[in-house]
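Below: the structure, in structure tokens.
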Amino acid sequence: KTTPGYAVFTLDDFPVDRKPTYDYLRMDLPPVVSFRIQLPVKNRANFGDWLNASWDAKAAVGVIGTSPHTDIDHETRAGAKILYAEATAGVKLRGAGVALLAAPGREAFLDAMDALEMDFGLPRGVKSRRSPDVREAIFHVCAASLPADIDELISYATKGGFKLMTFSYGDVFKSSASWGLCGDYDWKDSYPNGEADVKAMLAKVKAAGIKAGFHTLHSHIGLQSRYVTPVADPRLNKTRRFTLAAPLSAATNDTEITVYEPTADAVMYAPCRILQFGGELVSYESYTAAPPYKFLGVKRGAHKTRVAAHPKGEVGGILDVSEFGTPMSCYADQNTDLPDEVSAKIARAYNCGFEYVYLDGSEGVNRPFNYHVANAQLRYWKLLTPEPSFGEGAAKTHFGWHMLAGANAFDTFPPEVFKAKLREFPFKQAPITRQDMSRVDFGWWYFYSPSGGARPRVGTQADMWEYGASVAAAWDCAISILMPASALKQHPRADDILEMMRRWGDCRRRGLFKDEWRPRLKDYAQEHHLVVDAKGDYDLVDYWPLAVGNGQTPVRAFVFAKDGATWVVYWHGSGEGRLRLPIAAGAASLYDDFAGNAVAFEQDGVSIVVPATKRLYLKTTLA
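At position 520 of the sequence shown the residue is numbered 523 (this note's numbering), and the sequence of numbers has no breaks.
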């Protein structure tokens with residue numbers, strides 16, 4: 004098929020002669036491991052490794068899969084790249100498809116991709132990238148009691164100007180540590196009416212002008228779930244297969260299991276040393292590396308599974324246990340219908356009123372990963388109504404471009420290293436992801452309240468998140484923030500931090516972000532502050548940290564110059580206090596905002612004493 008902007012090639016069939024050409028050989032399946040179509044494309048200013056496209060302002064060319072089955076990749080040559088699509092036996096040969104896209108520049112390329120997505124019923128990756136949602140900061144609900152806390156959380160989100168609010172599956176479904184109940188997806192007791200209660204909660208979110216998103220782990224199966232205990236489901240994934248060389252009795256006193264296959268390199272991380280035979284899980288301590296191959300130190304009925312007899316010749320294997328956390332989950336076999344069954348349960352919740360998704364745990368699939376990562380995401384995605392405005396995920400392969408409008412979020416960094424870690428990770432990733440015509444998520448951030456004691460913590464402070472907001476804006480990227488309700492209540496500067504976030508979101512959303520600011524913000528060594536002048540207009544100023552006292556006080560201060568005056572914005576990071584400054588009263592004035600109301604302070608000889616509480620602005624004529 005050809006259409007303006009793209010041409011599609013589909014592998015229809017192989018000319019296999021099924022006639023009895025030879026008495027001793029009948030050809031049935033084509034003797035093909037893979038079938039490749041490739042195209043040399045000269046290098047241009049940008050190459051999207053994930054997208055598989057080379058592009059600049061004048062032209063864009065890409066080789067794009069039309070389904071998750073086709074392996075899409077490239078090989079590097081001098082001055083060019085070989086873009087290829089490969090249909091693989093065991094995944095899909097007949098019917099595998101690929102599209103060649105060519106257009107005069109980025110936006111025309113995206114137009115062609117959008118047409119391809121609509122024509123072939125693919126997830127709308129272009130539409131999501133062009134949605135304003137994809138650049139919004141995300142208020143990620145964390146450690147809340149729902150639905151009881153929803154009004155309070157909406158209030159905090161509104162203060163911060165957030166238009167997106169993410170809920171985790173554990174906010175609506177029963178859960179346990181390390182994803183131990185994943186798969187059951189029973190409504191929490193706090194939702195006695197199930198879907199009706201969830202819909203009512205999400206209706207409140209929507210009424211506040213906020214879209215709700217759903218964070219899930221679609222590939223995980225909890226080891227405490229009904230898919231494991233008391234009888235383990237045969238559709239759980241096994242990383243290696245073993246055949247019993249001797250039967251197992253229904254007794255529990257077996258200490259070894261003999262198998263036919265070599266046991267070398269079997270899993271030895273203690274929580275993951277689990278075998279499955281039939282519906283029973285069995286743990287082991289070690290194995291023999293030479294025949295007869297045995298698993299030793301066996302304990303029957305692991306994870307409360309029912310002990311049963313297993314005949315010689317029964318095939319089982321090593322359970323694909325997730326290594327994350329304190330391992331209490333495993334993965335579904337993507338070659339079965341278990342992922343569809345579990346996805347349908349999760350989709351019940353999404354379809355109550357969620358509008359975007361985070362596909363966590365996406366790496367938890369069988370080989371080949373380049374197929375199963377995106378296909379597992381797609382199997383869930385297709386059940387969601389309405390189609391998500393955008394998606395993010397913990398892992399991505401080529402076809403996932405149509406679902407994941409941006410790269411995955413980084414895990415949280417504590418306040419003490421927050422700025423350095425942003426420079427080290429998302430700031431470096433942003434220009435790479437941009438070449439995939441996508442954006443990175445500068446989160447996850449975490450809202451920490453300050454604490455005292457023997458090991459005091461500074462907690463989240465406004466300058467930290469303003470630094471993050473500014474560098475994210477430099478690349479037109481989003482932010483996700485985990486917002487525990489308890490920390491929002493405890494932090495004395497929560498309102499200041501939320502107001503700062505509101506201003507950055509408002510400035511970007513209303514199109515008031517000036518193009519000339521972007522190169523300044525890409526200088527991540529320089530910190531910036533967004534001020535609002537007397538006309539209500541935003542302006543960006545460079546500012547620098549000031550040491551207060553011996554540098555160990557909880558007061559944080561930054562200096563900047565504007566309109567011929569020197570300004571200091573400062574606040575107490577964990578409570579209240581007073582500051583004595585060697586400035587004459589006539590040379591200083593104090594305000595509750597840059598263009599705000601005057602705040603009184605004391606004169607003490609040649610010094611002034613100013614309050615240190617919420618964020619305040621000191622203006623002085625001193626250089």
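Beta carbons: idealized from backbone N, C-alpha and C, even for Gly.
Range of the contiguous alpha helix (DSSP H) that encloses Arg-523: 520–524
Cα-Cα separation, Asn-240 to Ala-102: 32 Å
Three-state secondary structure (DSSP) of Asn-338: coil
CA-to-CA distance, Thr-6 to Met-116, given in whole angstroms: 11 Å
Pair within 8 Å by beta-carbon distance, Leu-167 and Asp-439: no
Residues that Phe-402 bridges to, as DSSP identifies them: The partner list for Phe-402 (beta bridge, DSSP) is empty, contrary to what the question assumes.
Beta-carbon proximity of Gly-364 to Ser-179, cut-off 8 Å: no
When Asn-411, Phe-413, Glu-358 and Gln-337 are compared against Asn-378, the one with the closest alpha-carbon: Gln-337
Rounded distance between the beta-carbons of Ser-332 and Gly-183, thought under 8 Å: 6 Å
Euclidean distance between Cα positions of Ser-171 and Leu-485: 11 Å
Burial state of Gln-464, where buried means 16 or more other Cβ atoms lie within 10 Å: buried
Nearest candidate by alpha-carbon position, reference Val-461, set Glu-89, Asp-154, Phe-123 and Pro-495: Pro-495
Own chain partners of Phe-416 with C-beta closer than 7 Å, once the 5 adjacent residues on each side are dropped: Lys-424
Bounding residues of the beta strand (DSSP E) (the contiguous stretch that carries Glu-78): 74–80
Residues bridged to Ile-482 (per DSSP): Ala-140
Candidates Val-19, Phe-450 and Pro-342: closest to Tyr-689 by CA position: With the chain represented from 4 up to 626, any question about residue 689 goes unanswered, as that position is not in the structure.
Assigned exposure category for Ser-131 - 16 Cβ within 10 Å defines buried: buried
Chain-order list of residues whose beta-carbon lies under 8 Å from that of Cys-248 (same chain, five-residue window excluded): Here residue 248 is Ala; the residue named in the question, Cys, does not match the sequence. So the qualifying residues of the chain are Thr-261, Val-262, Tyr-263, Pro-295, Tyr-296 and Lys-315.
Between the CA atoms of Gly-216 and Leu-582 - distance to the nearest angstrom: 44 Å
Three-way DSSP call (helix, strand, coil) for Thr-436 in this model: helix
Residue from Pro-548, Tyr-527, Ala-550 and Arg-511 whose Cα sits closest to the Cα of Tyr-1: The question about residue 1 has no answer, for the chain in this structure spans 4 to 626.
Residues near Met-504 in its chain [Cβ-Cβ closer than 7 Å; skip 5 each side]: Ala-140, Gly-163, Gly-164, Trp-468 and Ala-472
Where Thr-415 falls: helix, strand or coil (DSSP): coil
Cβ-based neighbour list, Ala-273, same chain, cut-off 6 Å, excluding 5 preceding and 5 following: none
Whole-Å CB distance - Ala-253 paired with Ala-311, under 8 Å assumed: 6 Å
For Gln-493, the first and last residue of its enclosing alpha helix (DSSP H): 488–493
Where the beta strand (DSSP E) through Val-262 begins and ends: 259–262
Exposed unless 16 or more other CB atoms sit within 10 angstroms - verdict on Trp-547: exposed
Cβ-based neighbour list, His-48, same chain, cut-off 7 Å, excluding 5 preceding and 5 following: Before going on, a small fix: residue 48 reads as Ala here, not His. Only Asp-59 meet the Cβ criterion.
Per-residue DSSP class, three states only, for Asp-117: helix
Exposure label - Gln-227; buried when at least 16 CB within 10 Å: buried
Inter-residue spacing [alpha-carbon to alpha-carbon] between Glu-530 and Ala-111: 36 Å
Boundaries (first-last residue) of the alpha helix (DSSP H) holding Trp-468: 465–477
Test item: CB-CB of Gly-514 and Ile-482 under 8 Å: no
First through last residue of the beta strand (DSSP E) which encompasses Asn-49: 49–51
With 16 other Cβ atoms within 10 Å as the buried cut-off, status of Thr-258: exposed
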